[in-house]
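Contents: one structure, followed by commentary.
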Amino acid sequence: MSEVITIGEPMIMFVADAAGDLKNVQHFTRYIAGAEVNVSVGVTRLGHRVSLISEVGHDPFGAYIRQFLEHEGIETEAVAVSNEHPTGFQLKSKTEVDDPEVVYFRKGSAASRLNAERIERFDFSGAKLLHLTGIFPALSAETFEATLKLIEKARENHLLITFDPNLRPTLWSDEATMIKRINQLAGRCDVVLPGFREGKRLTGRTTREAIADFYLSNGAKTVIVKLGSTGAYCKRQQSDGQFVETLVPSFRVDHVVDTVGAGDGFAVGVITGLLEALSDKKILERANAIGAIQVQHISDNEALPSRNQLAAFIEKTAHQTPENQANDGLQAI
């Protein structure tokens, strides 16, 4: 396995060429989507090797996805091809006002059939970090069990485990099940990355500190709360049992094109920062920067930066001033 392992469902994404309701759109542009794919692309572009565990259909969509992953340098040995089940896809509207409308066509997809038995076959030698989201375990009972097995194997092989809740309520049977399962998974991971609104929904807490404390008391070692336009907050437990808190402001963005994928870009910054043993402040700065870059582009992953592009963005872009952060967390994602 590569330095980083992740598991998820790559999908074809058709983005509307013109603004408006999806029902009225006549022309779309094709992209690749999937939170774990976005993270894999971003981590690879920053110089780290990634193995993606997944399954696609034996169809043109699946063939294109494998071609895309290979072109990006993502390891595909663990991406199986199913003759029985199709590759999932989605439609996304174009908007410059609110979050875009997204409609999924993934029920019964090849990735949703991936089970714990397949996880048992993988050799994790050489891997350092496992990254999970709350999307893949929501696809089916099989994928939830596969995620638990993956965590078990990661623990056996001493991998650091990062977890982004990445809530998709429509994939769960009900709200209570979603909250229970997501928090169950988060408690088994080392680093948890909730958005502020996600954190309130999942924990019932209303401040970034309280959200962090919830997950720290349930097994996590580090909690990083994404505060959207105001930055990011980290609370980490040190080896001596003491807690360290860090708050880093966001980067100024004059024109937001699409917020989808920003959280995945943020995760890229955290994962690569952890692998490179950066300080908490530098990790949050990198994560904020990639998130800011991502919201300025329509694709979920095309704009994810190389190391030189990231350094140039950080150097030229001014942070928000303290006055702009008076409502810290109120507009958070």
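For what it's worth, the UniProt record's numbering labels the leading residue of the sequence shown as 1, then goes sequentially. Built from N, CA and C at the ideal position, the CB exists for glycine as well. Computed from a predicted structure; not experimentally measured.
Beta-carbon proximity check, residue i vs residue j, cutoff 8 Å
i, j, result
"Leu22", "Leu160", "no"
"Thr87", "Gly57", "yes"
"Val39", "Val268", "yes"
"Asn218", "Ser250", "no"
"Leu69", "Val79", "yes"
"Val253", "Val295", "yes"
"Leu304", "Ile283", "no"
"Glu152", "Asn115", "no"
"Thr246", "Asp213", "no"
"Val248", "Gly231", "yes"
"Glu75", "Val41", "no"
"Thr272", "Leu91", "no"
"Arg168", "Ala138", "yes"
Residue closest to residue i, alpha-carbon to alpha-carbon, out of the options
i, options, result
"residue 342", "Glu209, Ala19, Tyr64 and Gly134", "The shown model of the chain, from 1 to 333, leaves out residue 342, and the question about it has no answer."
"Glu77", "Ser2, Gln296 and Gln294", "Ser2"
"Val192", "Leu216, Lys200, Arg201 and Ala210", "Leu216"
"Phe14", "Val102, Gly73, Thr230 and His85", "Val102"
"Ala146", "Ser279, Leu185, Phe313 and Val256", "Leu185"
"residue 351", "Thr177, Leu227 and Lys221", "Shown here, the chain extends from 1 to 333; a query on residue 351 therefore has no answer."
"Ile293", "Asp280, Leu278, Thr317 and Lys282", "Thr317"
"Ile12", "Gln67, Gly20 and Ile53", "Gln67"
"Lys120", "Asp99, Ser93 and Leu148", "Here residue 120 is Glu; the residue named in the question, Lys, does not match the sequence. Comparing Cα-Cα distances from Glu120 to each of Asp99, Ser93 and Leu148, the minimum goes to Leu148."
"Glu84", "Arg30, Ser112, Lys94 and Leu247", "Ser112"
"Tyr31", "Asn301, Gly187, Thr143 and Asp254", "Asn301"
"Gly265", "Ala110, Arg286 and Ala277", "Arg286"
"Arg188", "Asp164, Ser173 and Asp174", "Asp164"
Whole-Å CB distance - residue i paired with residue j, under 8 Å assumed
i, j, result
"Gly263", "Gly195", "6 Å"
"Phe124", "Ile7", "12 Å between Cβ atoms; not a contact."
"Ile65", "Pro10", "5 Å"
"Ile43", "Val4", "Here residue 43 turns out to be Val, not Ile, going by the sequence shown. About 6 Å separates the two Cβ atoms, so the contact holds."
"Leu130", "Ala154", "4 Å"
"Arg208", "Tyr233", "4 Å"
"Ala35", "Asn166", "5 Å"
Buried or exposed (CB count within 10 angstroms, at least 16 for buried), residue i
i, result
"Gln26", "exposed"
"Asn24", "exposed"
"Glu323", "At Glu323, the pLDDT of 40 sits below 50, so the modelled position is not reliable and the matter cannot be decided from this model."
"Pro60", "exposed"
"Asp17", "exposed"
"Gln331", "Confidence in Gln331 is poor, its pLDDT being 34 and thus under 50, which makes the residue's placement too unreliable to answer from."
"Gly329", "Bear in mind that a pLDDT of 34 at Gly329, under 50, signals an unreliable position, so the number given afterwards is only what the model happens to contain. Classification of Gly329: buried, given that the 10 Å Cβ count is 16 or more."
"Lys226", "buried"
"Asp99", "exposed"
Any chain D beta carbon closer than 8 Å to residue i
i, result
"Asn183", "The structure shown contains no chain D, having only a single protein chain."
Where the alpha helix (DSSP H) through residue i begins and ends
i, result
"Gly57", "Looking at the DSSP string, Gly57 is not in any alpha helix (DSSP H); the run it does join, the beta strand (DSSP E), is Val50 to Gly57."
"Phe68", "Pro60 to His71"
"Gln309", "Arg307 to Lys316"
"Val43", "Ala35 to Arg45"
"Phe196", "Phe196 to Thr203"
"Asp123", "No alpha helix (DSSP H) holds Asp123; DSSP gives it neither H nor E."
"Glu145", "Ala141 to Glu156"
"Ser275", "The sequence shown places Leu at residue 275, rather than the Ser named in the question. First-last of the alpha helix (DSSP H) with Leu275: Ala262 to Leu275."
"Leu216", "Arg208 to Leu216"
Segment limits, beta strand (DSSP E) that includes residue i
i, result
"Met13", "Met11 to Ala19"
"Lys235", "Ala232 to Gln237"
"Lys128", "It is not in any beta strand (DSSP E) - Lys128 carries neither H nor E in the DSSP assignment."
"Ala186", "Not the beta strand (DSSP E): Ala186 falls in the alpha helix (DSSP H), residues Glu175 to Ala186."
"Ala80", "Val79 to Ser82"
"Gln90", "Phe89 to Lys94"
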